[in-house]
Ligand code: SF4
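Residue numbers (this note's numbering): 61 to 513.
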């Protein structure tokens, strides 16, 4: 081929997938491929899949079909969690040429030497029980924020989850490489780095083949905080049992780590937590929230909850609802339980009817809206630093405070992709918060400092 072969990549699922897609795209560019938009006609299409929804199969088929309609004869590769979990199923989708599992996806360039369509799909998946190498990655599609992958895989065995089967055992980056990546991201002008992993609090279980001293997530937090990169850090999500006091205390005094934690709870009933095989009970969660709020009263706390888990009776759900109502948290991410093949939970006969699951989901959504409104009201009148996004929408600019209050301002070019000191005022009808600009200067690292009127 005379001109550089072109490729396009489509990502489904979580932030980890997005960061990995960016890194795979960067590697392909280094190998002489040219990246183009997914809607254009490319030589190679890569679909980075997710296994979290049970729709993965349908979604994948649909995308393959639309690609072939647009570019018949294009080479199609499927990677990601669904590719690791169900390679045979994918190989039966007409038009798919290559399926790469968890370890091979980062070597995709070596499988793209011959781009002729294959009569039979080539499948390269791996034994997920084997120790896998850690591949570092960060997203680069957004100028304001980057998701930095620091940990992969999970050693827990929650009874509903297939992630350990799709991503393998827990493994982490080294602190040295994490610091190096932070500088690289900051040098691109990105101003917020979101620390990302499957089970981030488990950071430090290093490559078993390496002799490196095992480090903890706390040590990582300190090392990143001590860089002089002009960025702020947000922790994407951390298991409550791994969110130690020392981490909370450190974040409370940090000028770079923002006061925002996202802590999966999943259920407010101890009985259900045990069935889920979570590694804590509700008292521990109460303790974590109390500890955070005692040191950072303005801290934003987000909570993941699953409704309709097998065996969740009305009493269990009411227990969860009451628990969350009384807890000083800021918003919920509500998931409706859906059965996954090869999990213990999916074998249970105690199935909750789908309409009940949906009703519970709606109830928690409404509770989440109330919680968020209350949190925004508590922040009204405070002075904070907002990091505005690099793109405007309908004549407005949006940005987030360190403690994750979503602020909306009329568009002004000097605010774009910059930070400003503001005073939060009222809640807009669309749920965002209005603010008065105090000063729009260069980014400064004062996220934890709030001044109330
Ligand atoms: S902690 Fe549980 S839910 Fe989270 S990835 Fe690991 S097994 Fe899945």
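C-beta atoms are modelled at their ideal positions from N, C-alpha and C, and glycine is treated no differently.
So, using beta-carbon positions, are residue i and residue j closer together than 7 Å?
i, j, result
"residue 196", "residue 233", "yes"
"residue 102", "residue 137", "no"
"residue 258", "residue 221", "no"
"residue 140", "residue 109", "yes"
"residue 230", "residue 192", "no"
"residue 488", "residue 494", "yes"
"residue 408", "residue 370", "yes"
"residue 153", "residue 121", "yes"
"residue 360", "residue 425", "no"
"residue 208", "residue 198", "yes"
"residue 484", "residue 421", "no"
"residue 368", "residue 403", "no"
"residue 514", "residue 206", "Nothing about residue 514 can be read from this structure; the chain reaches only from 61 to 513."
"residue 308", "residue 352", "yes"
"residue 299", "residue 261", "yes"
"residue 106", "residue 123", "no"
"residue 341", "residue 330", "yes"
"residue 405", "residue 126", "no"
"residue 135", "residue 104", "yes"
Is the closest heavy atom of the ligand SF4 to the C-beta of residue i under 6 Å?
i, result
"residue 295", "no"
"residue 216", "yes"
"residue 298", "no"
"residue 223", "yes"
"residue 259", "yes"
Using the rule of at least 16 other Cβ atoms within 10 Å of the residue's Cβ for burial, across every protein chain shown, is residue i buried or exposed?
i, result
"residue 512", "Low per-residue confidence applies at residue 512: pLDDT is 38, beneath 50, and the placement is therefore not dependable enough to give any value."
"residue 451", "exposed"
"residue 463", "buried"
"residue 418", "exposed"
"residue 247", "exposed"
"residue 161", "buried"
"residue 334", "exposed"
"residue 410", "exposed"
"residue 472", "exposed"
"residue 505", "Summary for residue 505: the model assigns pLDDT 46, below 50, so the residue's position carries little reliability; its value from the coordinates is reported in the next sentence. When all chains shown are included, residue 505 counts as buried."
"residue 328", "buried"
"residue 77", "buried"
"residue 390", "buried"
"residue 434", "exposed"
"residue 132", "exposed"
"residue 177", "exposed"
"residue 326", "buried"
"residue 379", "buried"
"residue 444", "buried"
"residue 63", "exposed"
In chain order, what residues of the same chain lie with their CB nearer than 6 Å to the CB of residue i, ignoring the 5 residues before and after it?
i, result
"residue 497", "480, 482"
"residue 372", "332, 412"
"residue 238", "210"
"residue 292", "252, 316, 318, 507"
"residue 235", "275, 280, 283"
"residue 339", "301"
"residue 322", "297, 362"
"residue 72", "109, 110"
"residue 171", "158"
"residue 486", "494"
"residue 393", "364"
"residue 312", "355, 356"
"residue 91", "169"
"residue 428", "391, 392"
CB-CB under 7 Å to residue i, same chain, minus the five flanking residues each way: which ones, in chain order?
i, result
"residue 500", "474, 475, 478, 480"
"residue 217", "224, 337"
"residue 97", "68"
"residue 509", "Because the pLDDT at residue 509 is just 45, under 50, the model does not fix this residue reliably, and the point stays unresolved."
"residue 148", "none"
"residue 459", "446, 447, 448, 449, 467"
"residue 204", "250, 251, 252, 447, 449, 450, 477"
"residue 144", "161, 162, 185, 188, 226"
What I want to know is whether the C-beta of residue i ends up closer than 6 Å to one or more non-hydrogen atoms of the ligand ADP.
i, result
"residue 334", "Absence of the ligand ADP is noted for the structure shown, with the ligand SF4 being the only ligands found."
Please go through the same chain and pick out, in chain order, the residues whose beta-carbon is closer than 8 Å to the beta-carbon of residue i, but skip the five residues on each side of it.
i, result
"residue 242", "208, 253, 284, 287, 289, 291"
"residue 456", "468, 469, 470, 471"
"residue 212", "76, 192, 194, 195, 227, 228, 230, 231, 232, 257, 258"
"residue 310", "278, 281, 282, 285, 317"
Counting only C-beta atoms, is residue i closer than 7 Å to chain B at any point?
i, result
"residue 126", "Although the question refers to chain B, the structure presented lacks it and comprises just one protein chain."
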